[in-house]
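The opening residue of the sequence shown carries number 7 in the working numbering; numbering runs sequentially from there. Have a look at the structure below before the remarks.
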Amino acid sequence: MGTTEIRVHGVADRGPEAMLDRPIVSRVAGDRDAGFYRVRTGFGDPCGASGATLEGYRWSGLTGGTASRTFSLVALLPFMLANIAIWMLPPGHRTGRAGKALCRLLAATLTAMYTLAIAGVALDLVAWQCAEYPRCLEGRREISWLGGLAPGQRLALLAVLPILAVALLWWLSGRTWQLPEDAGAAAPRLGADRLDTPAFWDNRALLLRLRSLHVAIGLATLDLTLLLTLAPHDRGFPGYALLAASAGLLAAALTLLCLPQLEQHGGVLWTRRAVRLLHLGTITLTGLTLGYAAAPRAPWTAVGGLPGYDVLVAVLFAAQMGLLLALTALVLARQPVRGRSVLLGLAAPLVVSLAIGLTVCYDSGLSYGVAEYLDRGSSP
Numbered sequence: 007m008g009t010t011e012i013r014v015h016g017v018a019d020r021g022p023e024a025m026l027d028r029p030i031v032s033r034v035a036g037d038r039d040a041g042f043y044r045v046r047t048g049f050g051d052p053c054g055a056s057g058a059t060l061e062g063y064r065w066s067g068l069t070g071g072t073a074s075r076t077f078s079l080v081a082l083l084p085f086m087l088a089n090i091a092i093w094m095l096p097p098g099h100r101t102g103r104a105g106k107a108l109c110r111l112l113a114a115t116l117t118a119m120y121t122l123a124i125a126g127v128a129l130d131l132v133a134w135q136c137a138e139y140p141r142c143l144e145g146r147r148e149i150s151w152l153g154g155l156a157p158g159q160r161l162a163l164l165a166v167l168p169i170l171a172v173a174l175l176w177w178l179s180g181r182t183w184q185l186p187e188d189a190g191a192a193a194p195r196l197g198a199d200r201l202d203t204p205a206f207w208d209n210r211a212l213l214l215r216l217r218s219l220h221v222a223i224g225l226a227t228l229d230l231t232l233l234l235t236l237a238p239h240d241r242g243f244p245g246y247a248l249l250a251a252s253a254g255l256l257a258a259a260l261t262l263l264c265l266p267q268l269e270q271h272g273g274v275l276w277t278r279r280a281v282r283l284l285h286l287g288t289i290t291l292t293g294l295t296l297g298y299a300a301a302p303r304a305p306w307t308a309v310g311g312l313p314g315y316d317v318l319v320a321v322l323f324a325a326q327m328g329l330l331l332a333l334t335a336l337v338l339a340r341q342p343v344r345g346r347s348v349l350l351g352l353a354a355p356l357v358v359s360l361a362i363g364l365t366v367c368y369d370s371g372l373s374y375g376v377a378e379y380l381d382r383g384s385s386p
């Protein structure tokens, strides 16, 4: 039996020729993304110094990609960490409904943080505060036109930015299915925890539903941000009705995230319909909210920070702390008596905490950077 020496390059790929130290090689298995190469017959010694047959494995297509893919990996890193938290639960917890539900709810709070950060910049800093002060608008043609609009109209126009941000999140998350490892036939089921099970890798059906729910959560968060400002000011039925509808859709999305039927391959029929209706419902409600915000009103002046925004941030922070404590308590309560677990089985809560901290860094950098640009050394 012959011996084969397999050479694998590092992150910096110089090509299979350099890897095998032969001028002419050919691919014997795989594809352009990941393949095995050998010295072409008749074009050099196929064996190395040890006498073993040389073979190289090139995986350059999996180490990098376009600038958009790199950006998507960086932007979605907190969500990636939240996703792997489920797989870091101690043995016996991995199929537990409560643990998965808590991890998915914590991932949903990341979407809410993402939306609130963009809304805080566009709606609070620019539309509400900066547009009310001539000094902030002076010499800035890109936003000076906001000074002639009413606060509600400014909020409606600049709410397009958070909507585009949610759409960007939706688009970036969809790039997962364009990767080589997602190709192939549909898996027989979802939720497998073995690396050699196709279901471990082919989770497109589940991701499609999760993506729709996260978009619904992001849009509902934006609607609440707008309506917590407009409804108390107007003190009318339309505003409070839209506010209640937004809260209801957000609660429905969070409930669907926790359902075990969401994971079943193909999805239970009613869950598929519920996710689709919820997705369309939040889009419709967001359109109604923007129309309500742009509706004519009696003259009013924007004072201080955006009303209700600080309440939403505080509620979100409290919810995250409560969910983290619940996940930690669940892991500790079901910890096996015998045997040892890495980090006492708390790897999942720690990874989710890291995801939240990373999101806070992103959000803080964006908010403080824009505030510094708008401030001009004064305190409006």
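C-beta: ideal position from N, C-alpha, C; glycine also.
Which stretch, first to last residue, makes up the alpha helix (DSSP H) that contains residue i?
i: residue 85; result: 83-91
i: residue 365; result: 353-381
i: residue 243; result: 243-264
i: residue 170; result: 166-180
i: residue 222; result: 210-240
i: residue 289; result: 275-300
i: residue 120; result: 103-125
i: residue 141; result: 140-143
i: residue 338; result: 315-339
i: residue 305; result: Element bounds for residue 305: n/a, residue is neither H nor E.
i: residue 23; result: 22-26
Closest to residue i by C-alpha separation, out of the options, would be which residue?
i: residue 228; options: 42, 39, 173; result: 173
i: residue 81; options: 380, 368, 377; result: 368
i: residue 27; options: 8, 54, 39, 33; result: 54
i: residue 250; options: 109, 232, 263; result: 232
i: residue 323; options: 78, 24, 118; result: 118
i: residue 108; options: 299, 147, 333; result: 333
i: residue 276; options: 215, 63, 57; result: 215
i: residue 230; options: 269, 315, 166; result: 315
i: residue 359; options: 338, 330, 340, 377; result: 330
i: residue 319; options: 289, 179, 287, 125; result: 125
i: residue 120; options: 148, 85, 238; result: 85
i: residue 278; options: 244, 213, 290, 239; result: 213
i: residue 298; options: 281, 304, 237; result: 237
i: residue 313; options: 239, 147, 235; result: 235
i: residue 380; options: 154, 142, 175, 290; result: 142
i: residue 176; options: 78, 349, 60, 15; result: 78
i: residue 321; options: 76, 122, 56; result: 122
i: residue 22; options: 178, 290, 351, 62; result: 62
i: residue 169; options: 362, 304, 290, 366; result: 290
i: residue 64; options: 51, 83, 12; result: 12
i: residue 83; options: 370, 364, 378; result: 364
i: residue 239; options: 282, 303, 281; result: 303
Determine which residues share a DSSP beta bridge with residue i and list them.
i: residue 63; result: 14, 42
i: residue 53; result: 59
CB-CB under 6 Å to residue i, same chain, minus the five flanking residues each way: which ones, in chain order?
i: residue 160; result: 133, 137, 152
i: residue 9; result: 58
i: residue 197; result: Note that residue 197 scores 48 on pLDDT, short of 50, meaning its location in the model is unreliable; the coordinates nonetheless yield the value given after this. So the qualifying residues of the chain are 269.
i: residue 49; result: 30
i: residue 101; result: With a pLDDT of 48 at residue 101, under the threshold of 50, the modelled position of that residue is not reliable, and the figure given next carries that caveat. Contacts found: none.
i: residue 37; result: none
i: residue 34; result: 42, 44
i: residue 194; result: Residue placement at residue 194 is poorly supported in this model, since its pLDDT is 46, which falls under 50; the coordinates still yield a value, given next. Excluding sequence neighbours, residue 194 sits near nothing in its chain.
i: residue 171; result: 124
i: residue 192; result: Confidence is the limiting factor: at residue 192 the pLDDT is only 48, short of 50, which leaves the residue's position unreliable, though a coordinate-based value still follows. Excluding residues within five positions, none has a Cβ falling inside 6 Å.
i: residue 246; result: 237
Beta-carbon within less than 7 Å of residue i's beta-carbon, same chain only, minus the 5 sequence neighbours each way: which residues are those?
i: residue 157; result: 134, 306, 308
i: residue 357; result: 87, 90, 91, 94
i: residue 46; result: 30, 31, 32
i: residue 446; result: With the chain represented from 7 up to 386, any question about residue 446 goes unanswered, as that position is not in the structure.
i: residue 103; result: 266
i: residue 127; result: 372, 373, 376
i: residue 288; result: 222, 225, 226, 255
Between which two residues does the beta strand (DSSP E) holding residue i run?
i: residue 35; result: 31-36
Going by beta carbon distance, what residues of the same chain come within less than 8 Å of residue i, once the five residues before and after it are set aside?
i: residue 284; result: 218, 219, 222, 255, 258, 259, 262
i: residue 311; result: 130, 134, 135
i: residue 144; result: 150
i: residue 105; result: 92, 95, 99, 333, 336, 337, 354
i: residue 301; result: 158
Flag this pair as touching only if the stretch 283-294 and the stretch 106-115 have three or more C-beta atom pairs under 8 Å; answer yes or no. no
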